[in-house]
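If you're matching them up, the sequences are chains A and B in order.
When you line the first sequence up against my numbering, it's residues 1 to 324, in that order.
When you line the second sequence up against my numbering, it's residues 1001 to 1324, in that order.
Glycine included, each C-beta is placed from N, C-alpha and C at the ideal position.
Only one structure is covered here, and it is reproduced in the block below.
Protein chains: 2
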Amino acid sequence: MNNIDNVFITGGAGFIGSNVADKMLNLGKNVTVYDNFSTGNRRFLEKALKNNKFSLIEGDVLDPILLEKSITNNDFVFHFSANADVRFGLEDPKRDLEQNTIATYNVLEAMRKNNIKNIGFSSTGSVYGEADIIPTPENAPFPIQTSLYGASKLAGEGLISSYCEGYNFKSWIFRFVGVLGERYTHGHLFDFYQKLKKNPLEMNVLGNGKQKKSYIYIQDCIESMIYAIDKSVDNINIYNLGCDEYIEVNDSVKIISDFLKLDPKLTYSGGKKGWVGDNPFIYLDTKKIRSLGWKENNNIDTGIIKTIKWLHENQWVFENDSKK
Amino acid sequence: MNNIDNVFITGGAGFIGSNVADKMLNLGKNVTVYDNFSTGNRRFLEKALKNNKFSLIEGDVLDPILLEKSITNNDFVFHFSANADVRFGLEDPKRDLEQNTIATYNVLEAMRKNNIKNIGFSSTGSVYGEADIIPTPENAPFPIQTSLYGASKLAGEGLISSYCEGYNFKSWIFRFVGVLGERYTHGHLFDFYQKLKKNPLEMNVLGNGKQKKSYIYIQDCIESMIYAIDKSVDNINIYNLGCDEYIEVNDSVKIISDFLKLDPKLTYSGGKKGWVGDNPFIYLDTKKIRSLGWKENNNIDTGIIKTIKWLHENQWVFENDSKK
C-alpha cells in the first residue's frame, strides 16, 4: 500500500476495523476512523488514539452529510461498518438494508463527491447462500440468497462494482468466512463462551452441531487484504478470504470447553441449521488470494484459542451486553 | 393461476404492468393497480378501468404506509414498478437504489404485514453483467455488476429470496431480455423511432451498432410468466425469459427503417457499448422456462414491427416526453 497515505475506515472502532486501523498506523499511514459506536468500542482504539497520525470521528454512515464532510482528503476507504451479524435479520429486516446496503451507497457517494476512488469492502461468504460447490470459488454458480445479511452485502457488492464500471472506482471486495481473534465480540463462538461462563455444566447448541464452518484469524485476514490491495491489477477485485480448512460447530465447542477445562453436557436445538438462513456448510475456495503468495499463519484451532483467550482476558466486553 | 383470485400490480400503469393487468382481468381475476404515474400512463388502463373487477390506486411504492394499506386482501403481487431504464443510472445513482431496491423492500414488507406470500418480480438479464457464458443460463457464474440498474435489481432479487427463506414467501423472479410490443415507451427502439421521426435522413446510433440484444414480445412474455407461476413447485423460482435468438442493433435499425420506408444515413458514437454499463451481448438461455412447455409465438422481427406499428399509431406517447 505504498501509494496510499491517508486511510479512512468506516466501522473503524469495530472488531475488524480497529485491527485494520492499528495495522495501517503501523504501516505509517494517516488513519481516520468513522464509527457511531453502536457496536464498535472506544477501548479498541486506545492505542490508536495515542498516535498523532490517528483521527477519530464519531458519526453514522447513515448520516450522508457528516460522512461526506468527514471523508475528504483520503486516498483509500475501508468500508467495514455494517450490521455484521447474519443471525438476527428476520427480527428486523430493515437493519441489513439500511446498515449494509444503503450505508454502502452513502459511502460510495461520499467518495464520489470527494473524488476518492479506492474502496476495500467487507463482504461475506454468506453471499453464496447454500452453495452447490464446496469449497466455493469466487465464480461459483449464480447464488440464491438465503439471508437478509447475505442479500444486503451482495447488494453492496453490486453497488461497488457499478461504481467501478461507471465512475472509474477501484475496489477490493473481500468475502470473509468467520473472522476470529482479538476484539471478536459477536457471533456463535462469542455466544458459546458467554453461555459456558453463565452455566459451565450445560450448553445448548443451535442446530445439530454438525454445521461445518471455516474461519480466519484477524491478522491473517488483514495480511490477505493487504496482499490483494498490493497485487491486484483489475478495477474490480473480488477475493474469498479464509483458512484452507473447516471444522464442525461441535469441534469449536470442544476447543472452547477444553481451553476452559470444562466438560459441559451439550443439548441441541436440532436441525441442520443453527437458525433460519444459517448456511450448514461454509468453506470457501481461496486459491485466488493464495495465487498472490498469501498463506495463513494460524489454523482454525489457533484462531479459536486466541479468540477465547482474549475474551477470557477482556471480561469487560460482556458488560453492557444486553442483546442476549 | 387458478388458486389466485386477487392480484395486486405495482407499476400496473406501465408497459408490462398494464398488459399484465389486462391479461389478469381476462382471466377473471380481481386486479388492483398501484402506480404513481411517473412513467406509467392512464391511457394504458382505459380498458381496465371499464371492468368492475379493476381498481386503481394512485400511489408510490416509496410511500410504505399507503402501500401497506393498499395491498390488503390480495393473493398475489406482481412487483413491476421500477426505474426500468438501464441507461441513465450514472446521472443519478440514487434513483435505482430507491426505485428498485428500497421499493422492493417496501413491497415485501407491505406483503409481510398483510400476510401475502406470493410475488412475481420483474428482474432483468442485466443482472448477469457481461456474462462469460452466452446464451446465459440462470446458474451462470457469479456475475459482476456493470450497471446500477442491474445491481439494484439483483439487490431486489436477494431481498425476495431472503423473504422466501425467512418468511416462507413464494417467488417468481423473471430475468427479462428487452420486452417489446404495445405500450413500449422507453428504450433504444423507442429512441430510434423518435430520432427517425425528427430526422428521417440521418440517425446517430450509440456504440458501433454491432451490440447483440435479445428481446421478447410482451404477450409471449406474459404467457411465459403464467407458465412459470402455474408450473413451479419451488419457493424461489428464477427464470430467464426471452426469445431463442438475438439480433444486432444495426438489424433493429434496419427493421424500423424498412417499416417506415426510410433509408437514413447512419452515424455511430463508436465503441462496443452504447453507454457506460451497456452490455454488448445479451442473450439468455431459456431452456428452463421452455422445459415447462412454453414457446414464444413471435420472433424478434415481429416484436419490433409490432412495437413500431404501435408507436406509429400512438403518437401521443411522444407528447410531453421531455426526457430526450
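Within the 8 angstroms Cβ cut-off, does residue i reach chain C?
| i | result |
| --- | --- |
| Val276/A | Reference to chain C is not applicable here, since the protein chains of this structure are A and B. |
On the CB-based measure, 16 or more other CB atoms within 10 Å of its CB, does residue i come out buried or exposed?
| i | result |
| --- | --- |
| Leu1049/B | exposed |
| Ser171/A | buried |
| Gln99/A | buried |
| Gly14/A | buried |
| Asn1003/B | exposed |
| Lys1324/B | Any reading at Lys1324/B needs caution, since the residue's pLDDT is 34, under 50, leaving its predicted position unreliable; the model's value is listed next. So Lys1324/B counts as exposed. |
| Glu1296/B | buried |
| Thr10/A | buried |
| Thr39/A | buried |
| Tyr1128/B | buried |
| Ser269/A | exposed |
| Asp132/A | exposed |
| Glu1138/B | buried |
| Leu1027/B | exposed |
| Lys29/A | buried |
| His1312/B | exposed |
| Ile238/A | buried |
| Glu46/A | exposed |
| Lys1272/B | exposed |
| Lys153/A | buried |
| Lys1023/B | buried |
| Asp1092/B | exposed |
| Glu130/A | buried |
| Asp1035/B | buried |
| Asp96/A | buried |
| Ile65/A | exposed |
Nearest to residue i by alpha carbon, out of the options?
| i | options | result |
| --- | --- | --- |
| Arg43/A | Pro143/A, Arg112/A, Gly12/A, Ile173/A | Gly12/A |
| Pro200/A | Ser214/A, Ser224/A, Phe259/A, Ile71/A | Phe259/A |
| Leu1067/B | Gly1028/B, Asn1030/B, Ser1122/B, Glu1109/B | Glu1109/B |
| Gly17/A | Cys221/A, Lys195/A, Lys53/A, Asn114/A | Cys221/A |
| Ile1119/B | Thr1136/B, Tyr1163/B, Gly1150/B, Pro1137/B | Tyr1163/B |
| Pro135/A | Ser252/A, Phe80/A, Leu241/A | Leu241/A |
| Ile173/A | Ile229/A, Asp96/A, Asp301/A, Thr302/A | Ile229/A |
| Phe1169/B | Gly1207/B, Gln1194/B, Asn1114/B | Asn1114/B |
| Ala151/A | Ser123/A, Asp132/A, Ser161/A | Ser123/A |
| Ser232/A | Arg290/A, Asp285/A, Asp263/A, Asp191/A | Arg290/A |
| Glu1165/B | Arg1112/B, Pro1137/B, Pro1141/B, Ile1226/B | Arg1112/B |
| Leu1266/B | Pro1280/B, Asn1204/B, Gln1315/B, Ile1218/B | Asn1204/B |
| Glu1182/B | Met1024/B, Ala1021/B, Gly1303/B | Gly1303/B |
| Lys1094/B | Arg95/A, Pro93/A, Asp96/A, Thr101/A | Thr101/A |
| Gln315/A | Ser161/A, Ile71/A, Gln194/A | Gln194/A |
| His1404/B | Phe1318/B, Gly1274/B, Val1317/B, Tyr1283/B | Absent from the structure is residue 1404/B, since the part of chain B shown begins at 1001 and ends at 1324. |
| Arg87/A | Asp301/A, Asn298/A, Gly207/A | Gly207/A |
| Thr185/A | Pro264/A, Thr307/A, Asn235/A, Pro64/A | Thr307/A |
How many whole angstroms separate the CB atoms of residue i and residue j, which I take to be in contact at a CB cut-off of 8 angstroms?
| i | j | result |
| --- | --- | --- |
| Lys210/A | Val249/A | 7 angstroms |
| Gly293/A | Gly89/A | Contact doesn't hold; Cβ gap of about 36 angstroms is too wide. |
| Ile144/A | Val177/A | Ile144/A to Val177/A, Cβ: 19 angstroms. No contact. |
| Asn1106/B | Leu1159/B | Contact doesn't hold; Cβ gap of about 10 angstroms is too wide. |
| Val1007/B | Asn1074/B | 7 angstroms |
| Lys213/A | Ile247/A | 7 angstroms |
| Phe121/A | His79/A | 5 angstroms |
| Thr32/A | Ser55/A | 5 angstroms |
| Thr1104/B | Gly1156/B | 4 angstroms |
Inset, instruction - Output, in sequence order along the chain, the residues in the stretch 139-159 of chain A whose CB is closer than 8 angstroms to any CB in chain B. - result: Asn139, Ala140, Pro141, Phe142, Pro143, Ile144, Gln145, Thr146, Ser147, Leu148, Gly150, Ala151, Ser152, Leu154, Ala155, Glu157, Gly158, Leu159
Legend entry - Near-chain A residues of the stretch 1085-1114 of chain B (beta-carbon distance less than 9 angstroms), N- to C-terminal order: Gly1089, Leu1090, Pro1093, Lys1094, Asp1096, Leu1097, Thr1101, Ile1102, Tyr1105, Leu1108, Glu1109, Arg1112
Inset, instruction - Report the residues of the stretch 60-72 of chain A with a CB closer than 7 angstroms to any CB of chain B, ordered along the chain. - result: none
Inset, instruction - With 8 angstroms as the C-beta to C-beta threshold (strictly closer), list the residues of the stretch 1229-1250 of chain B near chain A in chain order. - result: Ile1236, Ile1238
Inset, instruction - Please list the segments of the alpha helix (DSSP H) lying wholly inside the stretch 119-171 of chain A, counting only runs of 4 or more residues, in order along the chain. - result: 148-167
Inset, instruction - Return the chain-ordered ranges of every beta strand (DSSP E) run that is complete within the stretch 1208-1247 of chain B and spans a minimum of 3 residues. - result: 1215-1217, 1236-1241
Inset, instruction - Determine which residues of the stretch 1165-1194 of chain B have a Cβ less than 8 angstroms from any Cβ of chain A, and write them out in chain order. - result: Glu1165, Gly1166, Tyr1167
Inset, instruction - Go through the stretch 1005-1073 of chain B residue by residue and report every complete run of the beta strand (DSSP E) that reaches 3 residues or more, in order. - result: 1006-1010, 1030-1035, 1054-1058
Legend entry - 3 or more residues per run - each beta strand (DSSP E) lying fully within the stretch 1250-1281 of chain B: 1265-1268
Inset, instruction - Go through the stretch 1278-1314 of chain B residue by residue and report every complete run of the alpha helix (DSSP H) that reaches 4 residues or more, in order. - result: 1287-1290, 1300-1313
Legend entry - Proximal residues, the stretch 1256-1280 of chain B versus chain A, C-beta separation under 7 angstroms: Val1276, Gly1277
Inset, instruction - Residues of the stretch 1281-1301 of chain B with a CB closer than 9 angstroms to any CB of chain A: list them in chain order, please. - result: none
Legend entry - Members of the stretch 29-40 of chain A near chain B, C-beta cut-off 8 angstroms: none
Inset, instruction - Quick one: which residues of the stretch 121-136 of chain A get their C-beta closer than 7 angstroms to a C-beta of chain B? List them in chain order. - result: none
Legend entry - Positions along the stretch 1203-1230 of chain B whose CB lies within less than 8 angstroms of some CB in chain A: none
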